[in-house]
Each structure stands twice: as C-alpha cells, then as structure tokens.
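Asks:
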Amino acid sequence: MKAAEAVLRANDRDGYTVPAQGLYPFQWLWDSGFAALGWAVLDEERAWLELERLFLGQWESGFLPHIVFHQEDSGYFPGPEVWGVRRDPPTSGITQPPFLAPVVLHLVRRSSERGLERARWFYPHLLAFHRFLHRHRDPGGSGLVAVLHPWETGMDNSPAWDLPLKRVPRRPFALETRRDIQHVPQEERPRQEDYERYLYLVSLFRELGYDPDACFRESPFRVVDVGFNALLLFADEALGELAWLLGEDPAEPKGWFQKGVLALEALWDEEAGLYRSLDLHTGERIPRDTSAGFLPLLLPLSSSRVGRLVATFRAWAGEARYLFPSAHPLAPYFEPRRYWRGPVWAPINWLLAWGLIRHGFLEEAARLREDLIALVEGSGFCEYYHPLTGKGLGGRGFSWTAAIYLAWIG
Ligand code: 2M8
C-alpha cells in the first residue's frame with residue numbers, strides 16, 4: 001500500500017498525475033480516470049482535483065482531448081508542436097475512452113454530501129463531452145460511435161487495428177524522432193510502420209483544423225471499437241444516474257444508453273463467442289479477438305450472452321498464467337511482450353472484474369484481482385505484464401497500475 005502511494009505521489013504534478021515519469025510526462029484522459037480511483041483511497045479531495053485538471057483541456061464543442069500538455073517536456077513524441085492545437089493549456093486533437101462519469105459516480109458514492117456538490121460542477125461538462133461523441137462520431141444516429149485513430153481506443157496497437165490501419169498511408173519519419181523507444185525496449189512498443197500511420201492521421205486531422213465532421217468524413221481509419229463503445233455506454237448509464245441524483249433530467253443519457261445497448265448486439269460474433277469491432281469502411285466486423293471484446297460485460301446483457309462470453313473468458317484463462325491477456329493467447333497475432341497485443345493491463349483487469357461482478361461471476365472477478373496483485377507484488381508497478389511469465393514490461397512506476405492496486409487492496 002505504501003509503495004503504491006509512493007508511485008502516485010511521485011507522479012503527482014500539483015493536481016494531475018502523469019502516467020509515468022519520462023515516458024508520459026503529461027495528463028492523459030482515461031489514465032486520469034483510473035488515477036482518481038487510486039487517489040480516492042488516499043485523499044478524496046485530490047481525486048476530484050485530478051478530474052478538474054483534466055477538464056481544463058476541454059474544448060468549447062464539448063470535445064475532451066486525450067492529452068493535456070500542462071507543461072513543456074521534450075521527452076514525449078508527438079508533443080504539442082506536432083498537434084498544433086493553439087489553446088492554453090495546449091492539447092492533442094483526438095480523444096480517448098470516456099471513462100469519467102463512472103469515476104465521478106464512484107467518488108460521489110464514497111463521499112459525503114460535499115461529493116454531490118462537486119459532481120454538480122462536472123455534470124454539464126460530462127454531458128457536453130458525451131453529446132459531442134454521440135453527435136459528431138455517430139452522425140447517422142446508429143447508437144454506436146466511431147473512433148478515428150487507434151490512439152482513441154487506448155489500445156493503440158491492438159491486433160484489431162491491423163486491417164483497418166492498412167488503409168492509412170505511412171508518413172515516414174526517422175526512428176530517432178520517437179521518444180518511447182528511448183525509455184522502453186523496442187520489442188515492447190508498437191512497430192515503426194504503425195507509428196508512421198499514426199502520424200499520418202495526426203497530420204490529416206491537423207490540416208482539417210480538427211473540424212469534427214470533416215475528420216469523420218475524411219479519416220481513412222473509421223472504426224466502431226467495441227471497447228470504446230462499451231465504456232461510453234457504461235458512462236452514459238452513470239451519467240443518467242448522476243442526473244437523477246442531482247435533480248437533472250436523465251432523459252438524454254438514458255436515451256443514448258438504451259439505444260446503444262441494443263445497437264451493440266450487431267458487434268456480437270457467434271462463432272468467436274465474443275464481441276468484435278466494426279470497420280465502417282467495409283461494414284464488416286474485424287476478425288480479431290482482443291480483451292476489448294469482453295468489455296460489454298459492464299452492461300446489462302441477456303444471461304445466455306453472458307454465459308457464452310464467460311465460457312470464452314474461461315477458455316482464454318486456461319491458456320494464460322496471468323489474467324487477462326489483451327489478445328487471444330492462441331491466435332497467430334498474439335505477442336505476449338508487445339504492448340496491446342498480448343500483455344496484461346491493470347485497468348482492463350479492473351473493468352472486466354467490475355463487469356463480471358455485475359453479472360454474478362465472483363470467482364472469475366476474484367482471479368482477475370489476485371493475478372494483478374501477484375503481478376505487482378512479483379514485478380512492481382509496471383505499465384503491463386507478460387501473461388505467461390509475469391515479467392514486468394513497458395514503463396515503470398506506473399500510475400494506473402498503482403491506482404488499481406490501491407483501489408483493490410485499499
Ligand atoms: C499509451 O498511448 C500513448 C498515446 O496515447 C502512447 O503510446 O504514446 C496507451 O497505453 C494509452 O492507453 C495510455 O492512455 C497512454 C498513457 O498511459 O499510453
């Protein structure tokens with residue numbers, strides 16, 4: 001507990017938490033949601049502050065960027081000069097999984113009357129963000145939203161993006177420009193080819209002035225990510241509950257939630273026994289099995305659907321020493337050291353456990369918790385872990401791993 005606290009305190013930058021020193025020296029959207037869960041165990045006030053700092057980066061349109069560049073630091077690429085977003089503080093121009101309303105609700109539930117007052121400030125900001133996503137990322141009103149960049153999914157080099165990324169041209173740049181591989185071995189990070197495509201998308205959005213509708217129309221990467229959508233719907237549900245607690249009208253978030261939960265069934269793949277993301281350029285589900293496909297467990301599902309999903313979960317569990325691998329452990333695209341292509345990630349364990357508890361699968365949820373605790377106690381607070389050996393990988397002194405550990409043992 002003390003060691004986890006020390007990680008968060010070392011990564012604290014006067015009110016916001018960097019994911020890891022050196023590797024990620026700014027504030028990231030969904031990392032801050034998880035960091036707040038950890039701070040809540042130590043210092044409730046600090047948890048609220050984390051989220052307030054994040055919203056300093058919100059745009060007038062309601063859009064919430066995935067990075068807020070609160071201070072200068074040349075240790076990360078692409079930095080604010082590449083994004084070219086002239087704001088104070090500068091930000092990136094893409095978003096990330098909107099895992100914030102459930103955190104606000106969590107903080108309200110843990111705290112006194114004062115918590116509800118804090119939530120009152122967040123409500124319109126969260127509502128504006130969700131409205132932005134449902135309007136500009138789902139212009140046809142399907143109930144599900146699109147992501148336009150793999151970074152928006154938070155699972156950057158997931159095998160699920162291999163096929164849709166092929167449509168994205170490469171924007172060649174020197175390997176030395178990258179900062180990540182100065183901090184972490186190259187075999188644990190995305191390949192250069194992927195980075196060149198990531199950078200192409202950034203320059204395209206910048207040229208389009210980050211106009212949301214133009215970006216949606218023009219992006220060669222346009223995917224309905226099952227993970228992003230499950231988290232958005234989970235957050236819509238939480239937003240509806242917040243509305244109710246605050247005496248606001250819950251109709252809008254409830255409407256998004258109900259429509260989205262029904263629409264999500266189009267992503268179910270009977271043969272795989274799992275949800276899969278949809279490539280909007282082809283209209284087809286992407287034939288790759290990743291941990292994102294289990295995130296709909298956070299939502300109300302039929303018992304037969306949950307039964308099948310849990311059976312698939314158990315099959316994966318039988319193939320990995322440590323849960324939960326980010327890609328199917330028997331698939332040809334499984335790479336147990338390479339970032340989102342196989343390793344175990346603390347926040348995903350936590351989200352999956354939350355979903356499993358919702359549906360009464362307490363044993364599976366307990367294993368996710370025990371495995372994460374064993375990984376941390378064996379290898380420290382790493383960014384991610386090898387699912388077969390338990391070796392720590394990526395950045396060290398990592399905030400979300402420390403935060404989830406605290407949330408679980410605190
Ligand atoms: C990773 O993503 C960033 C880009 O956003 C990167 O690799 O440079 C991902 O693991 C993402 O999910 C995470 O939010 C971020 C900071 O921890 O790092």
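Residue numbering for the sequence shown follows my numbering, beginning at 1 and increasing consecutively.
Even glycine gets a Cβ: it sits at the ideal position worked out from N, Cα and C.
Pull up the DSSP beta-bridge partners for residue 250, would you.
Replies: Sequence index remark: in the sequence shown, residue 250 carries index 250 (1-based). Bridge partners of residue 250: none, in fact.
Asks: Would you list the one or two residues that DSSP bridges to residue 186?
Replies: To locate residue 186, count along the sequence shown from 1; it is residue 186. Partner(s): none; residue 186 has no beta bridge.
Asks: I want to check one thing, is the minimum distance from the CB of residue 162 to the heavy atoms of the ligand 2M8 below 7 Å?
Replies: Taking the first residue of the sequence shown as position 1, residue 162 is located at position 162. No - the ligand 2M8 has no heavy atom lying nearer than 7 Å to the Cβ of residue 162.
Asks: May I ask you to check if the CB of residue 212 is nearer than 7 Å to at least one heavy atom of the ligand 2M8?
Replies: The residue given as residue 212 occupies position 212 in the sequence shown. Using a cutoff of 7 Å, the CB of residue 212 does not count as near the ligand 2M8, since none of the ligand's heavy atoms is closer than that.
Asks: Grab me the residues of residue 15's own chain with a C-beta within less than 6 Å of its C-beta, minus the 5 sequence neighbours each way, in chain order.
Replies: Walking along the sequence shown from the start, residue 15 turns up at place 15. So the qualifying residues of the chain are 49, 53.
Asks: Which value, in whole angstroms, describes the spacing of the CA atoms of residue 408 and residue 400?
Replies: The residue you call residue 408 lines up with position 408 of the sequence shown. The residue you call residue 400 lines up with position 400 of the sequence shown. Going from the Cα of residue 408 to the Cα of residue 400 covers about 12 Å.
Asks: Can you tell which of 365, 343, 370, 356 has the C-alpha that lies nearest to the C-alpha of residue 389?
Replies: As a position in the sequence shown, residue 389 is number 389, starting the count at 1. Nearest option by C-alpha distance: 343.
Asks: Where DSSP assigns a beta bridge to residue 27, which residues make up the other side?
Replies: What you label residue 27 is simply residue 27 of the sequence shown in a count that begins at 1. Answer is 68.
Asks: Going by CA-CA distance only, name the one from 171, 248, 96 that's closest to residue 151.
Replies: Translated into the one-based positions of the sequence shown, residue 151 becomes position 151. Just measuring C-alpha positions, the residue of 171, 248, 96 sitting nearest residue 151 is 96.
Asks: Run the proximity test for residue 28: is its beta-carbon closer than 7 Å to any non-hydrogen atom belonging to the ligand 2M8?
Replies: In the sequence shown, residue 28 corresponds to position 28, counting from 1. Residue 28 Cβ: within cutoff of the ligand 2M8.
Asks: State the DSSP-derived secondary structure class of residue 269, mapped to helix, strand or coil.
Replies: Position 269 of the sequence shown, counted from the start, is the residue given in the question as residue 269. Strand.
Asks: Please state whether the Cβ-Cβ distance between residue 29 and residue 64 is less than 8 Å.
Replies: Residue numbering aside, residue 29 sits at position 29 when the sequence shown is read from its first letter. Residue numbering aside, residue 64 sits at position 64 when the sequence shown is read from its first letter. In contact: residue 29 and residue 64 (Cβ atoms closer than 8 Å).
Asks: With 16 other CB atoms within 10 Å as the buried threshold, where does residue 383 fall?
Replies: For this step, residue 383 is matched to residue 383 along the sequence shown. Residue 383 is buried by the Cβ-count criterion.
Asks: Is the CB of residue 95 under 8 Å away from at least one CB in chain C?
Replies: Going by chain labels, chain C is absent from the structure shown, which holds only one protein chain.
Asks: Tell me whether residue 180 counts as near the ligand 2M8, meaning its Cβ is closer than 7 Å to at least one heavy atom of that ligand.
Replies: Position 180 of the sequence shown, counting from 1, holds the residue named residue 180. Residue 180 Cβ: within cutoff of the ligand 2M8.
Asks: Hey, residue 387 and residue 329 are a contact pair by Cβ (cut 8 Å); roughly how many whole angstroms apart?
Replies: For the purposes of this step, residue 387 is taken as residue 387 along the sequence shown, with counting starting at 1. For the purposes of this step, residue 329 is taken as residue 329 along the sequence shown, with counting starting at 1. The Cβ separation is near 7 Å, so the contact holds.
Asks: Can you give me the Cβ contacts of residue 7 inside the same chain, cut-off strictly under 6 Å, excluding the 5 residues immediately before and after it?
Replies: As a first step, residue 7 is located in the sequence shown; it is residue number 7 there, counting from the start. 381, 397, 402, listed in sequence order.
Asks: Alpha helix (DSSP H) containing residue 378: first to last residue?
Replies: Counting from 1 along the sequence shown, the entry for residue 378 is found at position 378. Start and end: 362-379.
Asks: Suppose contacts are defined by Cβ-Cβ distances below 8 Å. Is residue 395 in contact with residue 20 by that definition?
Replies: Mapped onto the sequence shown, residue 395 falls at position 395. Mapped onto the sequence shown, residue 20 falls at position 20. Cβ atoms of residue 395 and residue 20: closer than 8 Å.
Asks: Measuring straight from C-alpha to C-alpha, what distance separates residue 85 and residue 147?
Replies: Stepping through the sequence shown from its first residue, residue 85 is reached at position 85. Stepping through the sequence shown from its first residue, residue 147 is reached at position 147. Their Cα atoms are separated by approximately 19 Å.
Asks: Taking one C-beta from the stretch 252-267 and one from the stretch 116-124 each time, how about it: are there three or more such pairs within less than 8 Å?
Replies: no
Asks: Among 13, 37, 39, 279, which one has its Cα closest to the Cα of residue 27?
Replies: As a first step, residue 27 is located in the sequence shown; it is residue number 27 there, counting from the start. With respect to the C-alpha of residue 27, the residue from 13, 37, 39, 279 having the closest C-alpha is 13.
Asks: Is any heavy atom in the ligand 2M8 found nearer than 7 Å to the beta carbon of residue 430?
Replies: No information on residue 430 is available, as it lies outside the stretch 1 to 410 that the chain covers here.
Asks: Determine the direct distance from the alpha carbon of residue 260 to that of residue 160, and round the result to whole angstroms.
Replies: To locate residue 160, count along the sequence shown from 1; it is residue 160. To locate residue 260, count along the sequence shown from 1; it is residue 260. Going from the Cα of residue 160 to the Cα of residue 260 covers about 21 Å.
Asks: Just verifying my parser: in three-state terms, what is the DSSP assignment at residue 167?
Replies: Locating residue 167 in the sequence shown gives position 167, counting from the first residue. In this structure, residue 167 counts as coil in the three-state DSSP scheme.
Asks: Taking only the alpha-carbon atoms, compute the straight-line gap between residue 91 and residue 193 and give it to the nearest angstrom.
Replies: In the sequence shown, the residue the question calls residue 91 occupies position 91. In the sequence shown, the residue the question calls residue 193 occupies position 193. Note on geometry: alpha-carbon atoms of residue 91 and residue 193 lie some 25 Å from one another.
Asks: Would you give the residue range spanned by the alpha helix (DSSP H) that residue 129 belongs to?
Replies: Reading the sequence shown from its first residue, position 129 is the one you call residue 129. Element bounds for residue 129: 113-136.
Asks: I need the DSSP call for residue 325, collapsed to helix, strand or coil.
Replies: Along the sequence shown, read from residue 1 onward, the residue named residue 325 stands at position 325. DSSP places residue 325 in strand when its eight states are reduced to three.
Asks: Tell me which same chain residues have a C-beta within less than 6 Å of the C-beta of residue 230, skipping the five on either side of it?
Replies: Sequence index remark: in the sequence shown, residue 230 carries index 230 (1-based). Cβ neighbours of residue 230 beyond the five flanking positions: 295, 296, 298.
Asks: Is residue 258 a contact residue of the ligand GTP, with contact defined as CB to any heavy atom under 7 Å?
Replies: As presented, the structure is devoid of the ligand GTP, carrying the ligand 2M8 as its sole ligands.
Asks: Quick one: does the C-beta of residue 73 sit closer than 7 Å to a heavy atom of the ligand 2M8?
Replies: Along the sequence shown, one-based indexing puts residue 73 at 73. Flag unset: Cβ of residue 73 not near the ligand 2M8.
Asks: From which residue to which residue does the alpha helix (DSSP H) around residue 194 run?
Replies: Taking the first residue of the sequence shown as 1, we reach residue 194 at position 194. Counting along the chain, the alpha helix (DSSP H) containing residue 194 begins and ends at 192-207.
Asks: Report whether the distance from the Cβ of residue 12 to the nearest heavy atom of the ligand 2M8 is below 7 Å.
Replies: Locating residue 12 in the sequence shown gives position 12, counting from the first residue. Answer for residue 12: no, Cβ out of range of the ligand 2M8.
Asks: Would you say the stretch 355-367 touches the stretch 210-219, given that touching needs at least three Cβ pairs under 8 Å?
Replies: no
Asks: Taking 8 Å as the cut-off, decide whether the C-beta atoms of residue 270 and residue 310 are in contact.
Replies: For this step, residue 270 is matched to residue 270 along the sequence shown. For this step, residue 310 is matched to residue 310 along the sequence shown. Note that the C-beta distance between residue 270 and residue 310 is not below 8 Å.
Asks: Kindly give me the distance between the Cβ atoms of residue 33 and residue 103, rounded to whole angstroms, as I take these residues to be in contact under 8 Å.
Replies: Walking along the sequence shown from the start, residue 33 turns up at place 33. Walking along the sequence shown from the start, residue 103 turns up at place 103. Between residue 103 and residue 33 the Cβ distance is about 5 Å, and since that is below 8 Å, they are a contact.
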